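Novice:
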Amino acid sequence: MKIKFGLYDADGNAITGSTVLKCKIKRDADDWFYDFNDSTFKASGHTTIAAIMAEPDSTNAPGEYEKSATATAWNDGIYTVYVNYTGTPKQNGSEELVIVDGTDMAGFLTRLYQSGLYKMNVTDATGIAAIRNKGDSADLATGQITDNGTTTTRAKWTW
Numbered sequence: 000m001k002i003k004f005g006l007y008d009a010d011g012n013a014i015t016g017s018t019v020l021k022c023k024i025k026r027d028a029d030d031w032f033y034d035f036n037d038s039t040f041k042a043s044g045h046t047t048i049a050a051i052m053a054e055p056d057s058t059n060a061p062g063e064y065e066k067s068a069t070a071t072a073w074n075d076g077i078y079t080v081y082v083n084y085t086g087t088p089k090q091n092g093s094e095e096l097v098i099v100d101g102t103d104m105a106g107f108l109t110r111l112y113q114s115g116l117y118k119m120n121v122t123d124a125t126g127i128a129a130i131r132n133k134g135d136s137a138d139l140a141t142g143q144i145t146d147n148g149t150t151t152t153r154a155k156w157t158w
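For the sequence shown, the residue numbers in the working numbering are 0 to 158.
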């Protein structure tokens, strides 16, 4: 998952080349903060609680910064992302982030769309199932469907 932030001055001009734009991530359920060093949430003892955000393309997307964070092991719930810029003009911000099944809400909605509209293959003999990509050239997710004669059940998809 990428945390993204646009950094601009009061006139709307991009602020490029910053080395003082940082972000933090708080898990709202217990108020623990993410440690960018080991990708875990902690109450204390952080190595890197505030990570410097990078500007990947100052030519084509000046002022657009990002920082990657591993979200696959996060609990479902609400998280708050804090961004702090100590340059001129100083800027602070926060945004709520919703995580479902190890992905942010945009990723979750993409998976929901794919599972409802894309082709699904099921092997009759084994019940092994796969949601195929839009071009039907690769699996997006795999799982299993079982039928005990009364109820047909689909296991959780593995993406």
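Heads up, the beta-carbon is just placed ideally off N, CA and C, and yes, glycines get one too. Predicted, not measured: the structure shown is a model, and the values here were computed from it.
Return the CA-CA distance between Ile77 and Pro55, expressed in angstroms with no decimal places.
Specialist: 27 Å
Novice: Starting from the C-beta of Ser67, find all residues in its chain whose C-beta is less than 6 Å away, skip the five residues before and the five after it, and write them out in chain order.
Specialist: Lys1
Novice: Give the range of the beta strand (DSSP E) segment to which Gly76 is assigned.
Specialist: Gly76 to Tyr84
Novice: Quick check on DSSP: helix, strand or coil for Leu96?
Specialist: strand
Novice: Alpha carbon to alpha carbon, how far is Ala154 from Gly11? Give it in angstroms, no decimals.
Specialist: 49 Å
Novice: Excluding the 5 residues preceding and the 5 following Asn83 in the sequence, name in chain order all residues of the same chain whose CB lies nearer than 6 Å to its CB.
Specialist: Lys21 and Asn91
Novice: Quick one: any contact between the segment 141-148 and the segment 122-129, if contact means 3 or more CB pairs under 8 Å?
Specialist: The answer is yes - the segment 122-129 touches the segment 141-148, with three or more Cβ pairs under 8 Å.
Novice: Return helix, strand or coil for Leu6, following the three-state DSSP convention.
Specialist: coil
Novice: Would you kindly work out how many angstroms separate the C-alpha atoms of Lys133 and Val97, rounded to a whole number?
Specialist: 26 Å
Novice: From Ser57 to Ala13, what distance separates their C-alpha atoms?
Specialist: 9 Å
Novice: Quick one: residues in its chain with C-beta nearer than 8 Å to the C-beta of Pro88, no 5 flanking neighbours on either side, listed in chain order?
Specialist: Asp8 and Ala9
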